[in-house]
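Participant:
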């Protein structure tokens, strides 16, 4: 699985968009980009995933660059409840469920 | 629909003991994965079970083992506990074994003293 690199921490004002970058320059063609978040004292929560097209759901949008070497998770209107650690991971599309997790980005949404 | 249930939530053991943690996946999910989370290392993959078979294994010593039952419930066991085994142990269930979102439980907080 490809390694991903994320900033250690970020701040965002409540109500503004939070843009969380992720670098995955060694990603292979059959690896998906997944985003999860972990709120303190809870298990990680799935947010969104994509292969090469941009994706949007009720939680967030995922923008993947054309060369697939990086992506950005966008929380359009961040709230205090979005304060969490956000993980970007690359997952092989085959039967390999092994996930390599980094330390993620700690996002603080400030009032 | 009930989520992933892990028991117990908290556990304190002494060095040298063994421990068994339990995970009940979401109904209908056949894949269960286990992770260890420590502050400095983040989440580390332990192993994955699908239809009672171990499909993948992480880089952990043989003291860490697991199994999955026919109802998809899974257990992991750690023998001869060490202080460094203190961590949050997370279980995740998925519908299939590949490329589907994983649903995590709240975890079991193990403290080894």
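Residue numbers (the working numbering), protein chains in the order written: chain E, 595 to 705; chain H, 15 to 127.
We put the beta carbon where it would ideally sit given N, CA and C, even for glycine.
Can you find a C-beta in chain H that's less than 7 Å from the C-beta of residue 623 of chain E?
Facilitator: No, residue 623 of chain E lies away from the interface with chain H (no Cβ there is under 7 Å from its Cβ).
Participant: Under 8 Å between beta-carbons, which chain E residues line up against residue 117 of chain H? List them in chain order, please.
Facilitator: In chain order: 640.
Participant: Any beta carbon of chain E sitting closer than 7 Å to that of residue 35 of chain H?
Facilitator: Not an interface residue.
Participant: Below 9 Å on C-beta distance, what does residue 636 of chain E contact in chain H?
Facilitator: Simply 118, 120, 121.
Participant: For residue 93 of chain H, which option in H/26, H/108, H/34 has the closest C-alpha, if you only look at C-alpha atoms?
Facilitator: Selected option, being the one with the closest Cα: H/34.
Participant: Decide yes or no for the touch test of the stretch 66-76 of chain H against the stretch 666-675 of chain E: beta carbon pairs closer than 8 Å, at least 3 of them.
Facilitator: No: the two stretches stay apart, fewer than three of their Cβ pairs being nearer than 8 Å.
Participant: Are the C-beta atoms of residue 56 of chain H and some chain E residue less than 7 Å apart?
Facilitator: Cβ-Cβ to chain E under 7 Å: yes for residue 56 of chain H.
Participant: Quick one: is residue 650 of chain E near chain H, going by C-beta distance under 7 Å?
Facilitator: Output row for residue 650 of chain E: interface = no.
Participant: Chain E beta carbons: is any one of them nearer than 7 Å to that of residue 95 of chain H?
Facilitator: Output row for residue 95 of chain H: interface = no.
Participant: Between residue 608 of chain E and residue 653 of chain E, what straight-line distance do the alpha-carbon atoms span, to the nearest angstrom?
Facilitator: Their Cα atoms are separated by approximately 15 Å.
Participant: Does the CB of residue 656 of chain E have a neighbour CB from chain H at under 7 Å?
Facilitator: Chain H, which has no Cβ nearer than 7 Å to the Cβ of residue 656 of chain E, makes this no.
Participant: The beta strand (DSSP E) that contains residue 62 of chain H, what's its start and end?
Facilitator: Unbroken beta strand (DSSP E) run through residue 62 of chain H: 56-64.
Participant: Judging by CA-CA distance, which residue of H/120, H/126, H/29 is the nearest neighbour of residue 23 of chain H?
Facilitator: Here the closest residue by C-alpha is H/120.
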